[in-house]
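The sequence shown: position 64 = 64 (my numbering), numbered continuously.
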Amino acid sequence: MSDRRGYSLIEVCIAIFVLTIGILGAYSAFSFSLNSVFHARNISVATNNARLLVEAVRLKNLPPWAATFPTSDESGLFDAPGARRALNAPPFQLDLPADGQFSRRVHVERLSGDSNSYQYNIARISVTVYWDEKGAEKQVQVKAFHRQP
Numbered sequence: 001m002s003d004r005r006g007y008s009l010i011e012v013c014i015a016i017f018v019l020t021i022g023i024l025g026a027y028s029a030f031s032f033s034l035n036s037v038f039h040a041r042n043i044s045v046a047t048n049n050a051r052l053l054v055e056a057v058r059l060k061n062l063p064p065w066a067a068t069f070p071t072s073d074e075s076g077l078f079d080a081p082g083a084r085r086a087l088n089a090p091p092f093q094l095d096l097p098a099d100g101q102f103s104r105r106v107h108v109e110r111l112s113g114d115s116n117s118y119q120y121n122i123a124r125i126s127v128t129v130y131w132d133e134k135g136a137e138k139q140v141q142v143k144a145f146h147r148q149p
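Following this line, the structure appears as structure tokens:
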């Protein structure tokens with residue numbers, strides 16, 4: 001009777017296989033969590049930028065409360081549906097820093113065109129912030145109301 005101690009080649013191969021499966025599982029979980037952290041960061045920054053833009057519109061009491069709102073794209077408050085502007089494009093050049101990762105669309109409109117309606121002095125502010133993530137465009141939209149003081 002032979003008194004050999006140790007592991008056979010099959011046992012070593014099985015142990016290496018099980019260890020490899022465990023390491024690959026941990027790596028994929030780490031990779032997924034890292035991607036989730038980056039995505040959450042982008043959503044948080046975009047939402048914060050959108051809220052800052054809404055507050056800038058309110059603080060500056062934009063647009064001017066004339067009989068009719070100006071509707072030109074140059075104002076920076078009536079962007080067309082497909083428009084993308086830099087975050088700090090006019091009239092917000094002093095409110096936000098330049099950021100090449102994010103762009104925005106701001107649209108402000110009166111709730112009512114009837115000057116006799118109480119809704120005439122209330123504006124709907126819609127701010128959408130866009131960014132690219134893994135080759136796909138993502139967006140966050142914040143809507144608010146503003147009443148003429």
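Beta carbons are placed, not taken as given, at the ideal position from N, Cα and C, and that holds for glycine.
Computed from a predicted structure; not experimentally measured.
Taking 7 Å as the limit between beta carbons, can you name the residues of its chain near residue i, skipping five residues before and five after?
i: D79; result: D73, R85, R105, V106 and H107
i: R51; result: V142
How many Å lie between residue i and residue j at the Cα?
i: S103; j: Y130; result: 5 Å
i: R124; j: V45; result: 23 Å
i: R5; j: L19; result: 23 Å
i: S151; j: V12; result: Residue 151 lies beyond the stretch modelled for the chain, which goes from 1 to 149, so this question has no answer here.
i: P81; j: I14; result: 59 Å
i: P91; j: N121; result: 21 Å
i: R147; j: F38; result: 37 Å
i: N88; j: S126; result: 16 Å
i: T47; j: V54; result: 11 Å
i: D132; j: G25; result: 28 Å
i: G22; j: K60; result: 57 Å
i: E109; j: N116; result: 17 Å
i: S8; j: I16; result: 13 Å
Would you mind reading off the limits of the beta strand (DSSP E) that contains residue i?
i: K143; result: A136 to R147
Is the distance from the Cβ of residue i to the Cβ of residue j below 9 Å?
i: A56; j: L96; result: yes
i: K143; j: I43; result: no
i: S112; j: Q119; result: yes
i: L94; j: L77; result: no
Can you find the residues in the same chain that come closer than 6 Å, C-beta to C-beta, to residue i, ignoring five residues on each side of it along the sequence?
i: I10; result: none
Within the same chain, show all residues whose beta-carbon is closer than 8 Å to that of residue i, passing over the 5 residues directly before and after it, in chain order.
i: N49; result: L87, L96, D99, F102, R104 and V129
i: V140; result: I43, A46, T47, A50, T128 and V129
Report yes if the C-beta of residue i is less than 8 Å from at least one heavy atom of the ligand COA; otherwise report no.
i: S126; result: In the structure on display, the ligand COA does not appear, and there are no ligands present to speak of.
What are the complete beta strand (DSSP E) segments, minimum 3 residues, inside the region 52-123?
DSSP runs (the beta strand (DSSP E)) wholly in the region 52-123: 102-110.
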